[in-house]
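**Q** Protein chains in written order, with our numbering: chain A, 7 to 87; chain B, 7 to 87; chain C, 109 to 249; chain D, 109 to 249. All C-beta atoms, glycine included, are put in the ideal place defined by N, C-alpha and C. Remember, predicted model here, so these are calculated numbers, not experimental data. Structure below; questions to follow.
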């Protein structure tokens, strides 16, 4: 399956892009995706316990199964205002 | 002695003027002035326990002696804002 | 602390109040505006009419700003009051503070308006659409 | 309750925020503005740079406004955030509320900014005059 992943702030800079299309195996959960990204990027690795995933603009539990076409935002601690 | 008396809001309307020049006997205190004004005006009479006197823009105690040339403001409960 | 304290008969300049407070280069700005409310306890107001003992009122506002600056670390303070006719939906008073952080901005601004209402020598008359009026909290029974 | 919630790359319109809130015809308006502070813990900031997940951030601001309206009786609520470069002394965020009386205006406005900072999906980078920068409270050690 193909999903879209959106990165912001620290992660956008760490991955060098704000949006990426990624091919994942069927059955991949949010938790699996976090582990995958942490394996590939040191900055992500150090944030893996504080990031939250949002699918199609709604936060999801890490145990949730991802689906083809999901638009996944990786939300790091916010600092607006 | 001659003093200037300034009225605001309810008292300005009750006395029909914002400023009055008044001749007072030497030795008149703030308390005496309040009694005098209360005798002459019913609205003032009903406010006599809540008004404060200011002489030359500073609040004074009612026991204070008034002096020739004093500029006396009669301050009723305020309601700005 | 830099202050901007004034009483005027013209509309209060919200934009300039913001510019003045932002210029502190602090991080937090709080502004409170009192506006003429259309309905109070089911009675309709057409406009409010304000009268001030200007010289005393300005001195009193200066004192309040100073007391605020003794309690909080304030970069800039604004206290502006309008006199004369203030129609429904218009501003009669704007107070505000600029600070490094937001907590003191809120606290000081609340203090400024609470104290202004308690002690500044300004009086308010409520005029209804039928032309009847009364002085608000005048002390009369 | 009428709300005005937005994220934009242009300067935040203080004057229009005031007009919008006054139009409630209530009696109290409180506005809080976050501006770029020049000095934080002795470090000088040249500008802040904000980035948002716009769609999520707008939804989150709507939720916060709704929660505020459940706690206080609010006539109007504003929540505006700027993105991109925000220089020293410029506004990055304006929140505010119009109410019948002043207490709830202050309390609701404080709630709006506190909750916005906690949960709205916006991130801030601090850029110093020498060009160095860091993402504020990013979660990195």
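#1: Quick one, which residues of the region 183-211 of chain C are near chain B if we go by CB-CB under 8 angstroms, in chain order?
#2: Let me confirm a value: residue 172/D is counted as buried when at least 16 other C-beta atoms fall within 10 Å, else exposed. Which label applies?
#3: When you compare the CB of residue 140/D with every CB in chain C, is at least one pair closer than 8 angstroms?
#4: Determine the DSSP secondary structure at residue 184/D, reduced to helix, strand or coil.
#5: Which residues of chain D have a Cβ atom closer than 9 angstroms to the Cβ of residue 151/C, listed in chain order?
#6: DSSP on residue 13/A, reduced to helix/strand/coil?
#7: Which two residues bound the contiguous alpha helix (DSSP H) that contains residue 126/D?
#8: Out of 14/A, 81/A, 86/A and 12/A, state which residue places its alpha-carbon closest to the alpha-carbon of residue 6/A.
#9: Taking Cβ-Cβ distances below 7 angstroms as the criterion, which residues of the region 120-140 of chain D are in contact with chain C?
#10: Under three-state DSSP, which class holds residue 116/D?
#11: Heavy atom of the ligand ADP less than 7 angstroms from the Cβ of residue 162/D, yes or no?
#12: Just curious, the alpha helix (DSSP H) that residue 174/C is in, first and last residue?
#13: Just to make sure I have the definition right: I need the residues of chain D whose C-beta is within less than 7 angstroms of the C-beta of residue 84/A. Which are they?
#14: Here's the rule I'm using: 16 or more other beta-carbon atoms within 10 Å means buried, otherwise exposed. How should residue 43/B be labelled?
#15: Report yes or no: is there a C-beta of chain C within less than 8 angstroms of the C-beta of residue 221/D?
#16: Could you run through the region 164-177 of chain D and flag, in chain order, every residue whose CB is less than 7 angstroms away from some CB of chain A?
#17: Please compile the residues from chain B whose C-beta is within a distance smaller than 8 angstroms of the C-beta of residue 249/C.
#18: Could you tell me the alpha carbon to alpha carbon distance between residue 244/C and residue 191/C, rounded to whole angstroms?
#19: Less than 8 angstroms between the beta carbons of residue 193/C and residue 157/C, yes or no?
**A** So, from the data block:
#1: Residues passing the 8 angstroms Cβ filter: 189, 200 and 201.
#2: Mapped onto the fourth chain, residue 172/D falls at position 64. By the neighbour-count rule (16 or more Cβ atoms within 10 Å), residue 172/D is buried.
#3: On the fourth chain, position 32 is the one that residue 140/D refers to. At a cut-off of 8 angstroms, the C-beta of residue 140/D has a neighbouring C-beta in chain C.
#4: Counting from one through the fourth chain, the residue named residue 184/D turns up at place 76. Residue 184/D falls in the strand class under three-state DSSP.
#5: In the third chain, residue 151/C corresponds to position 43, counting from 1. Here the premise fails: no neighbours, minimum Cβ distance about 13 angstroms.
#6: Mapped onto the first chain, residue 13/A falls at position 7. Residue 13/A falls in the coil class under three-state DSSP.
#7: Indexing the fourth chain from 1 puts residue 126/D at position 18. DSSP places residue 126/D inside the alpha helix (DSSP H), whose first and last residues are 122-130.
#8: Given a span of 7 to 87 for chain A in the structure shown, any question on residue 6/A remains unanswerable.
#9: Listed by position along the chain: 122, 123, 126, 130, 131, 133, 134, 135, 136, 137, 138, 139 and 140.
#10: The sequence position of residue 116/D within the fourth chain is 8, counting from 1. Note: residue 116/D maps to strand in three-state DSSP.
#11: In the structure shown, the ligand ADP is absent, as is every other ligand, since no ligand is present at all.
#12: Here residue 174/C is taken as the residue at index 66 of the third chain, counted from 1. Start and end: 162-179.
#13: Along the first chain, read from residue 1 onward, the residue named residue 84/A stands at position 78. Against chain D, the beta carbon of residue 84/A has neighbours under 7 angstroms at 227, 228, 229, 230 and 231, listed in chain order.
#14: On the second chain, residue 43/B is found 37 positions in, with the first residue counted as 1. By the Cβ neighbour-count rule, residue 43/B is buried, with 16 or more other Cβ atoms within 10 Å of its own.
#15: Residue 221/D sits at position 113 when you count from the first residue of the fourth chain. Interface criterion met: the Cβ of residue 221/D is under 8 angstroms from a Cβ in chain C.
#16: Taking 7 angstroms as the Cβ-Cβ cut-off against chain A, the residues of the region 164-177 of chain D that qualify are 164 and 167.
#17: Taking the first residue of the third chain as 1, we reach residue 249/C at position 141. In chain order: 52.
#18: Walking along the third chain from the start, residue 244/C turns up at place 136. Walking along the third chain from the start, residue 191/C turns up at place 83. For residue 244/C and residue 191/C, the distance between alpha carbons rounds to 15 angstroms.
#19: If you number the third chain from 1, residue 193/C lands on position 85. If you number the third chain from 1, residue 157/C lands on position 49. Yes. Within cutoff.
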